[in-house]
Ligand SMILES: Nc1ncnc2c1ncn2[C@@H]1O[C@H](COP(=O)(O)OP(=O)(O)O)[C@@H](O)[C@H]1O
Ligand SMILES: [Mg+2]
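Protein chains in written order, with the working numbering: chain B, 3 to 462; chain F, 8 to 243.
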């Protein structure tokens, strides 16, 4: 039997029972619409929150650090082999720049220093990045300005919580110590940095240097304040504990201060000596598209570095939204299940009514598979028609929901709408409606196939 | 039987059909054997409940025998599964029902063309064939009529056309005129006979009416599931 004839036959037998068909289809319409609208809400929520994250640019940044810089305990031999190749140098920056989908690469250099000002002092975490990149890090200044590039001197931008670290050299008085804020005006007062803290304490405690002479006072360097990050001393963000400065100036100063001595935070050779070069603490990598972050990340990992990004976090968040969607879809699915029961019921009734007709068809040589196919097609038609109408209804409902939510103005990023029906959802829901119809019609169709041809012979 | 031109199309050997009704057994067919040649018109006659329909149904593969052998155009019916039986009917057998059994939603042409649809024939071709056969049974004016718009005789002629349209080797008919008045019955019988004679088709007809049976070449008289006599028909 030709497929076209089967379509025609099952279509016309549905048409014969119009009212019943329409009622059964109505169930599928409601079922499809409730699933699609529910999932569209989940998708819309996900899309809104993703676009919010994307505005922070946090989705496309990879932080590259040295292997084992967070996790120790590597095999010694392995560490040694890697030690010669894995420090983050300008060469590494250039290598990463060459990876596909990498948009921008810039190094970060962290070190420590002691800041002194008018009897107050504080250990500070100095973070060197290129002056141009400071703005890109999302730093917002409360006072002052960003240091200009190539200033020829070290200029500092203080995190808003740094001031709390300053304490009186003698009494220990300070914000984090006893709640009394140090009397230091970061913008106006002169602040001096000591980089070589070992030498400083050797001098303070009157220790002798390696060559036997008494330790000299290391140089104190006046560091001009360029700006302070906005926010109070209690407002934490990822930048608030750091003191930012230009990375090239920092490198220059460190070289001058330490000569051949080991700089705090820098790796050493296998023999425990300082390298000539200053290595970076981390390299920041900007990827052109969120979808390539993991790819780039694994390429960097393959180079022997440790790469981390928000990708995993974003993925787990996406996973969470998938659960929400599943839950919402499940709620919608209940009504489709009810519709499926309706289809099965309609098909069963139809088969009881048509016992004789099926018998006649069998006597006249209609293939059993064709008989089953006819009934499956009928059920599939119900699913399809219900799916199409249900989808149309969903688009309408989705538009209404978006309109209402827009007018409510809930403060979320609702430019894109809270209900969102992508093309794939439309197609999948159609296929699903047809599938549900056919699944509901499966057992009735088996029954039709197995009916005895003798039903045709018996006289009613 | 000495005529070498004669070809056996139906051969039945030791056929039994036993129904179980609760504890008791009903021997609907109790050891039946016969052969039918190509082009023959055979009537199976007997009183109600004698087993005529049971025999015909088993010949057409609608029911399985309890025991025995049925060979039709060289193929054993008793070993076929239901799928194979359906296929066999589609290719070799036409069936005429007592109660016409036309599909009410279809007009005459569509009803006649239905078995061709099952064969997978294209629409234009099967409509053309159906029109030809409808003409043959004298219904060219009623092509578009639905069954409810036709008399019993006309409906049965559509039924005959539907059985003939696939050009089957064998046609089975169970009381084909059972629902018609006697005048119409005779007309329909004459029509059936005329057509199968022209095409040299084999017809096996069940009836309880001796007068209608007399149209046949041979008459199998059946009683309590056994053939009690085989007579030759009285008219030419
Ligand atoms: N499905 C069945 N179950 C039990 N007994 C049956 C069945 N079909 C037929 N019979 C019995 O078999 C016998 C022959 O029936 P049938 O062939 O229909 O007779 P006929 O067609 O000659 O009137 C009858 O006694 C009938 O009651
Ligand atoms: Mg009977």
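From the three backbone atoms N, C-alpha and C, an ideal C-beta is built for every residue, glycine too. Here the structure is a predicted model, which is why all the values come from computation and not from measurement.
| Asked | Found |
| --- | --- |
| At the 7 Å Cβ level, is residue 291 of chain B part of the contact set with chain F, yes or no? | no |
| Using 8 Å as the cut-off, can you tell me whether the region 27-39 of chain B makes contact with the region 296-310 of chain B, which would need three or more C-beta pairs spanning the two stretches below that distance? | no |
| Figure out for me which residue from B:53, B:19, B:90, B:43 has the closest Cα to the Cα of residue 286 of chain B. | B:90 |
| Who are the near neighbours of residue 260 of chain B in its chain, counting only those whose CB is closer than 8 Å to its CB and skipping five residues on each side? | 197, 198, 276 |
| If we define contact as Cβ-Cβ less than 7 Å, is residue 20 of chain B a contact residue for chain F? | no |
| For the alpha helix (DSSP H) that residue 298 of chain B lies in, which residues bound it at each end? | 295-304 |
| Residue 183 of chain F to residue 5 of chain B, Cα distance in whole Å? | 33 Å |
| Measure how close the beta-carbons of residue 178 of chain F and residue 103 of chain F come, nearest whole angstrom, since I'm counting them as under 8 Å. | 7 Å |
| So is residue 93 of chain F in contact with chain B if we call contact Cβ pairs under 7 Å? | yes |
| Could you have a look at residue 454 of chain B and say whether DSSP puts it in helix, strand or coil? | coil |
| Taking 7 Å as the cut-off, decide whether the C-beta atoms of residue 25 of chain F and residue 34 of chain F are in contact. | yes |
| Whether or not the region 378-386 of chain B and the region 347-356 of chain B are in contact is what I'm after, with contact meaning three or more pairs of Cβ atoms, one per stretch, closer than 8 Å; do they touch? | yes |
| Counting only beta-carbon atoms, is residue 458 of chain B nearer than 7 Å to chain F? | yes |
| Determine which residues of the region 345-371 of chain B have a Cβ less than 9 Å from any Cβ of chain F, and write them out in chain order. | 358, 359, 361, 362, 363, 364, 365, 366, 367, 368, 369, 370, 371 |
| Mind listing which residues of the region 102-114 of chain F have their C-beta closer than 8 Å to chain B's C-betas, in chain order? | 102, 104, 105, 106, 108, 110, 112 |
| Does ligand 1 have a heavy atom nearer than 6 Å to the CB of residue 29 of chain F? | no |
| Note down the Cα distance separating residue 148 of chain B from residue 295 of chain B, rounded to an integer number of angstroms. | 30 Å |
| Label residue 325 of chain B either buried or exposed according to how many other C-beta atoms from any shown protein chain fall within 10 Å of its C-beta, with 16 as the threshold for buried. | exposed |
| So, using beta-carbon positions, are residue 232 of chain B and residue 142 of chain B closer together than 7 Å? | yes |
| Closer than 8 Å, Cβ to any Cβ of chain B: which residues of the region 175-194 of chain F, in chain order? | 181 |
| Check whether the Cβ of residue 124 of chain F lies closer than 7 Å to any Cβ atom in chain B. | yes |
| Would you mind telling me which residues of chain B sit closer than 9 Å to residue 62 of chain F, beta carbon to beta carbon, in chain order? | Simply none; closest approach about 13 Å. |
| Which parts of the region 32-116 of chain F are runs of the alpha helix (DSSP H), unbroken and 4 residues or longer, counting only runs that do not cross its ends? | 59-66, 89-99 |
| With DSSP as the reference, please indicate the residues paired to residue 233 of chain F in a beta bridge. | F:230 |
| How would you call residue 93 of chain B, buried or exposed, if buried means at least 16 neighbouring beta carbons within 10 angstroms? | exposed |
| Return yes when at least one heavy atom of ligand 2 lies under 6 Å from the C-beta of residue 18 of chain F, else no. | no |
| Determine, using beta carbons only, whether residue 69 of chain F comes closer than 7 Å to chain B. | yes |
| Any C-beta of chain B sitting closer than 7 Å to the C-beta of residue 90 of chain F? | yes |
| Along chain B, in chain order, which residues have C-beta atoms closer than 7 Å to that of residue 127 of chain F? | 3, 4 |
| Using the beta-carbon of each residue, which ones in chain F are nearer than 8 Å to residue 14 of chain B? | 112 |
| Going along chain F in order, which residues have a C-beta closer than 7 Å to the C-beta of residue 455 of chain B? | 69 |
| At a cut-off of 6 Å, is residue 57 of chain F close to ligand 2 when judged by its beta-carbon and the heavy atoms of the ligand? | no |
| Closest to residue 132 of chain B by C-alpha separation, out of B:145, B:156, B:230, would be which residue? | B:156 |
| In whole angstroms, give me the CA-to-CA distance for residue 338 of chain B and residue 30 of chain F. | 48 Å |
| Examine chain B for any beta-carbon lying closer than 7 Å to the beta-carbon of residue 133 of chain F, and answer yes or no. | no |
| Just grab the DSSP bridge partners of residue 179 of chain F for me. | F:102, F:211 |
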